[in-house]
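Protein chains in written order, with this note's numbering: chain V, 1 to 638; chain L, 1001 to 1111.
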Amino acid sequence: MSGAAGRPLLLAVLAAAASLPALAQTRSAVPEQHRWLTFAVFAAIIALTVFVTYVAARRVRTPADFYTAGGGISGLQNGWAIAGDYLSAASFLGIAGLISLWGYDGFMYSVGWLVAYISVLLVIAEPCRNIGKYTLSDILAYRNDPKTARVFGALSVIIVSTFYLVAQMVGGGVLVKTLIGIDYEISVIAVGSLMLAYVIFGGMVATTWVQVIKAVLLVVASVLMVVLVWSQYGFFGDFLDHVVGDPRVQKRVATILGDAASGLSPQDLGQRFLEPGLLFTAPVDQLSLGIALVFGTAGLPHILMRFFTVPTARAARTSVVWAMAIIGGFYLLTLFLGLGAALKVGAPAIIEIDAGGNMAAPLLAQALGGGPDSLLGNFMLAFVAAVAFATIVAVVAGLVLAAASAIAHDLYVGVIRGGQASTEEQVRAARIATVAFGGIAILLGVAAKGQNVAHLVALAFAVAASANFPCVFMTLFWRRCNTGGIVAGMLVGTIVAVGLVLVSPNMTYPKAVRAAAQKVIDDAPQRLQAIERELSSSELARVEQAKKERAALGRAVARARDELERYRRDDTSLVGLDAPLFELRNPGLVSVPLGFLALVLGSLLYRDPRAEAMWDEVYVRQNTGMLPAGRGGSAKRF
Amino acid sequence: MGDNAIDWAATNADPRFQELHRRKAGFLSLLMIVSVVYYFMLPVGAAWFPELFRIRVAGVVNVGLLFALSQFLVAWGVAALYTRRANREFDRLAEEINREIGDRHLRGAVR
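The following block contains the structure:
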C-alpha cells in the first residue's frame, strides 16, 4: 500500500463526513457536564432560523416565490446567500482540518474553491439570469427540444443533488452525534426535518435567509477565532515563526515524512509544514481535482439556481462579486484557523477526535476559550459547532430546493403536464416534490450510516463538471449546439464520471482495509513496548504523554479489530474489484474533456432546426437581458 | 418560435450588437484564460517544481505561500476588472440595444 493510500482520502475532506467510521467510534469532543451548553446554543440558532421561516412562509404564494423568492433578492443578499450555499461543512470543517494536519497542501484546497467562482462570474451568472427562469433545465430547454432537454437536465440535477445531499446528511448526523451525543439516526432525521421545514414552508425566501444567517455566523465565528489566534501568536510573520518553531508541528511533520525526516533539524521540519508535498503525492490527481472544482462549481444546480433570485444581470454580477469577497476572505482565514489549530490543539488531539481532522476548528474554539474543562471554552466550541450544523442544514436546504424544482418544474409541469398547470398546482407540486425528495434523502442518510461517503462529493463535482457544465456552457455560447449534443454530453459526462469513480481509490477495498487494520494490530506490541519504556521515565510530563499514547493505541487497535470484523466476509469493492482500476480519485481530467467531446460530436451528427433557429434569440437575450422569459411583453415560455 | 415580435436574427446581426459581442467575447476569453492558467500554475508548480516553492523570501515565508496568497489577489482582481468594465461599458451598450432595437422590433406587436 502506497503512502498516499494510507493517508486520509484526498477527496474525503470535501465532505464533513470524511472519516465516518473513525468518528463514529471515537469519544465525543464535549465533556458530559457541558452538553447542555452545546444543546442551548444549537437550540438558539435553530430557533432563529425557524422564526425566519415562519415570517417567510407568508410570502410564498406563487411558483416564482417558491423557487426564486420572486426574483426580488438584492445583489448583496444573494452574495451572502451564495456564500452560505457554497461554504459547506466540508470547506469549513474539512479544510481547516486539512491545514491543521497537512499544512501548505491543505491551503491549496482553499485557493481552488475560490478560483472556481471566476468561471461562475464570467460565463454562467449573467447569461443564466437572463435566460433561465427556475432551473438549470430552463436554460437547456430554451433552444433544444424542451421535453428531451428537461428530462436529461432534471435527471442530471437529481443525480448531482442526491450525491451531494447524502454526503452532507451523513456529515451532519455524525457532527450532531459527536457533539451532543444523540444517536446518529435521530441526528440525521433532525437535520432532514429542519431542512424540510425551511423549504416546504418558506421555499426560496426562507432558504435564502437561512443561508444568509449561516454565512454571517460562519464569518463572525471565523474572524473571532482568527483574532484570538493572532492576539496570542502575532500576525502573519510572527505567527508563521511560531508554527515553524512549534515542537508538535515539527513532530507531526516527522511522523508524516517517516524515514525521510532523518537528518532534518527541528527548524527544517517545521519549515516543511509550510511547503508543498506532505499531503499530495499524486500530482496528476491534484490537477484533476482542480479541473473538477473550477468547472464543477459552475455546474452545481443549487449554485446556478441562486442567479434566478435576482432581478437583473447586473445584480447577478454584483452577487458573485460579493460572494467572491466573502468566500475568498473566509478561505484566507482558514490558513490561520488551520495552522492555529495545529499550534494550539496539536495534531495528536485533533486526530484522536477525528482522523480526517474535521473537528480541528471546533477544537480550536474550545482551546481558545480555555480548554475542555472551561465554561467559555465549551461555549465557544458549542457556538462553532452550531454554526457548522446551521451550515449543513442551509446547504442541504439549497440542494433539496434544486432537486425539487427539477422534479416539479421540469419533469412534472414541463414534461408530464406539457407546461399547463395553474399557480396553485405548481406550488403544490413543488411542495410534494420537496417532501418526497427530502424523505428519500433522510432514508438514504440513515441507510448510509458508517459508510464511507467521501466518493459521493467527488461524484457530485465530477458529474457537474463533466455533464452539466459542458451542456449549459455550449447551449449559451456555441451556435451549433443542439438537442443531440445535450443528450450525448449529459449521458457520456455522467456515465464516465460515475463509472470512473466506481473503480477509483475512493471506494472501499476490503483487502486493503484488512491489510491496514492487520498492520495496526501487528505493530501494536512493539509500540506498546516503546510506550512502556517511557512510562518508567522519571519525568512526569513524559509519563503523562506516554499514558495518553497508550490510551490512543488501545483505541486504534479496537478500531482496527472492528474493521477486520466488518470486512471479514468481503473480498471486493462495491463493483467487485480487488484494487482500483483507475488511479485518480477525481475523474475530471478524463471525464470533462469526454463530456465536451460527446457534446460536440452529438451536435454535429444530429440535425435540429429549432436549436439553430433559436440561436439568435438565445445569444441576444443572454447578452442584453432583453425581455427575459415570463417578464416584459414576451409570451410566457410555459 | 415567433411567439413575440422581436426579430432576433436582425438584432444579432445589428452592428451595435455585434460590437457588444466583439468587445465582451474578447474580454471574457482573455480574463478566463489568464485566470485559469494562473490558477493551474499552483498545483502544477507545487507538484513538479517544489524546490521553487521552497525558496524562502523573508523569514519563514516562502515563494509557495506568497504564490498561494497571490491567487486570492488575482481572483479578486479579475472580478474587479470584469465588473468595472461590465458596469461601465457592457451594461450601457446592452441597454442602448434593448431600448432602441427592442422597441423598434416590438412596434406593432400584439401585447
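Glycine included, C-beta positions come from ideal geometry on N, C-alpha and C.
Cβ pair residue i, residue j closer than 8 Å
{"i": "residue 643/V", "j": "residue 495/V", "result": "Look at the range of chain V in this structure, 1 to 638, and you will see that residue 643/V is not part of it."}
{"i": "residue 306/V", "j": "residue 131/V", "result": "no"}
{"i": "residue 223/V", "j": "residue 333/V", "result": "yes"}
{"i": "residue 404/V", "j": "residue 423/V", "result": "no"}
{"i": "residue 395/V", "j": "residue 168/V", "result": "yes"}
{"i": "residue 271/V", "j": "residue 229/V", "result": "no"}
{"i": "residue 290/V", "j": "residue 1039/L", "result": "yes"}
{"i": "residue 524/V", "j": "residue 601/V", "result": "no"}
{"i": "residue 400/V", "j": "residue 204/V", "result": "no"}
{"i": "residue 313/V", "j": "residue 625/V", "result": "yes"}
{"i": "residue 300/V", "j": "residue 64/V", "result": "no"}
{"i": "residue 106/V", "j": "residue 98/V", "result": "yes"}
{"i": "residue 187/V", "j": "residue 173/V", "result": "yes"}
{"i": "residue 1035/L", "j": "residue 1075/L", "result": "yes"}
{"i": "residue 619/V", "j": "residue 482/V", "result": "no"}
Minimum Cβ-Cβ distance from residue i to chain V less than 8 Å
{"i": "residue 1015/L", "result": "no"}
{"i": "residue 1031/L", "result": "yes"}
{"i": "residue 1018/L", "result": "no"}
{"i": "residue 1009/L", "result": "yes"}
Of the listed residues the options, nearest to residue i (C-alpha basis)
{"i": "residue 135/V", "options": "398/V, 585/V, 580/V", "result": "398/V"}
{"i": "residue 233/V", "options": "337/V, 148/V, 315/V", "result": "337/V"}
{"i": "residue 190/V", "options": "201/V, 203/V, 175/V, 363/V", "result": "175/V"}
{"i": "residue 292/V", "options": "313/V, 461/V, 508/V", "result": "461/V"}
{"i": "residue 121/V", "options": "354/V, 316/V, 626/V, 159/V", "result": "316/V"}
{"i": "residue 475/V", "options": "555/V, 612/V, 564/V", "result": "612/V"}
{"i": "residue 1079/L", "options": "92/V, 240/V, 125/V, 99/V", "result": "125/V"}
{"i": "residue 1059/L", "options": "443/V, 91/V, 274/V", "result": "274/V"}
{"i": "residue 479/V", "options": "356/V, 143/V, 198/V, 504/V", "result": "143/V"}
{"i": "residue 298/V", "options": "521/V, 620/V, 43/V, 118/V", "result": "118/V"}
{"i": "residue 386/V", "options": "370/V, 365/V, 371/V, 402/V", "result": "365/V"}
{"i": "residue 1049/L", "options": "363/V, 443/V, 277/V", "result": "277/V"}
{"i": "residue 621/V", "options": "238/V, 477/V, 580/V", "result": "477/V"}
{"i": "residue 209/V", "options": "598/V, 164/V, 609/V, 309/V", "result": "309/V"}
{"i": "residue 428/V", "options": "35/V, 159/V, 201/V, 180/V", "result": "201/V"}
{"i": "residue 116/V", "options": "87/V, 96/V, 520/V, 94/V", "result": "87/V"}
{"i": "residue 335/V", "options": "95/V, 33/V, 406/V", "result": "95/V"}
Cβ shell of residue i (< 8 Å), same chain only, five flanking positions each side left out
{"i": "residue 594/V", "result": "466, 492, 493, 496"}
{"i": "residue 76/V", "result": "318, 319, 322"}
{"i": "residue 552/V", "result": "348, 352"}
{"i": "residue 183/V", "result": "177"}
{"i": "residue 242/V", "result": "233, 234, 343"}
Min CB distance residue i to chain L below 8 Å
{"i": "residue 21/V", "result": "Its pLDDT being 36, under 50, residue 21/V is placed unreliably by the model, and nothing is read from it."}
{"i": "residue 25/V", "result": "Any reading at residue 25/V needs caution, since the residue's pLDDT is 39, under 50, leaving its predicted position unreliable; the model's value is listed next. Residue 25/V does not count as touching chain L."}
{"i": "residue 324/V", "result": "yes"}
{"i": "residue 118/V", "result": "yes"}
{"i": "residue 241/V", "result": "yes"}
{"i": "residue 661/V", "result": "Since the displayed chain V opens at 1 and closes at 638, residue 661/V lies outside it and no answer follows."}
{"i": "residue 237/V", "result": "yes"}
{"i": "residue 375/V", "result": "no"}
{"i": "residue 115/V", "result": "yes"}
{"i": "residue 278/V", "result": "no"}
{"i": "residue 328/V", "result": "yes"}
{"i": "residue 283/V", "result": "yes"}
Same chain, Cβ closer than 6 Å to residue i, five either side skipped, listed in chain order
{"i": "residue 550/V", "result": "531"}
{"i": "residue 421/V", "result": "413"}
{"i": "residue 153/V", "result": "136, 137, 140"}
{"i": "residue 1020/L", "result": "1093"}
{"i": "residue 104/V", "result": "274, 275, 276"}
{"i": "residue 444/V", "result": "166"}
{"i": "residue 409/V", "result": "134, 135"}
Beta-carbon contacts of residue i that lie in its chain and below 7 Å, excluding the five residues immediately before and after
{"i": "residue 501/V", "result": "455, 458, 459, 462, 587"}
{"i": "residue 219/V", "result": "326, 330"}
{"i": "residue 447/V", "result": "none"}
{"i": "residue 723/V", "result": "What is shown of chain V runs 1 to 638, which leaves residue 723/V out entirely."}
is_contact[residue i, chain B] using C-beta, thresh 8 Å
{"i": "residue 104/V", "result": "Note that chain B does not occur in the displayed structure, where the protein chains are V and L."}
Practice problem: Quick one: which residues of the stretch 609–628 of chain V get their C-beta closer than 9 Å to a C-beta of chain L? List them in chain order. | Solution: 610, 613, 614, 615, 616, 617, 618, 619, 620, 621, 623, 624, 625, 626, 627
Quiz prompt | Selection of the stretch 1036–1067 of chain L by Cβ proximity to chain V, strictly under 9 Å | solution = 1036, 1038, 1039, 1040, 1042, 1043, 1044, 1045, 1046, 1047, 1048, 1050, 1053, 1054, 1056, 1058, 1059, 1060, 1061, 1062, 1064, 1065
Self-check item: Residues from the stretch 1082–1105 of chain L in contact with chain V, defined by Cβ distance under 9 Å
Solution: 1082, 1083, 1086, 1087, 1090, 1091, 1093, 1094, 1095, 1097, 1098, 1101, 1102
Quiz item: Using a beta-carbon distance cut-off of less than 7 Å, what residues from the stretch 263–276 of chain V approach chain L?
Solution: 271, 274, 275, 276
Exercise. Could you run through the stretch 306–322 of chain V and flag, in chain order, every residue whose CB is less than 7 Å away from some CB of chain L?
Key: 314, 317, 321
Quiz item: Using a Cβ cut-off of 7 Å, which residues of the stretch 211–228 of chain V contact any Cβ in chain L, in chain order?
Solution: none
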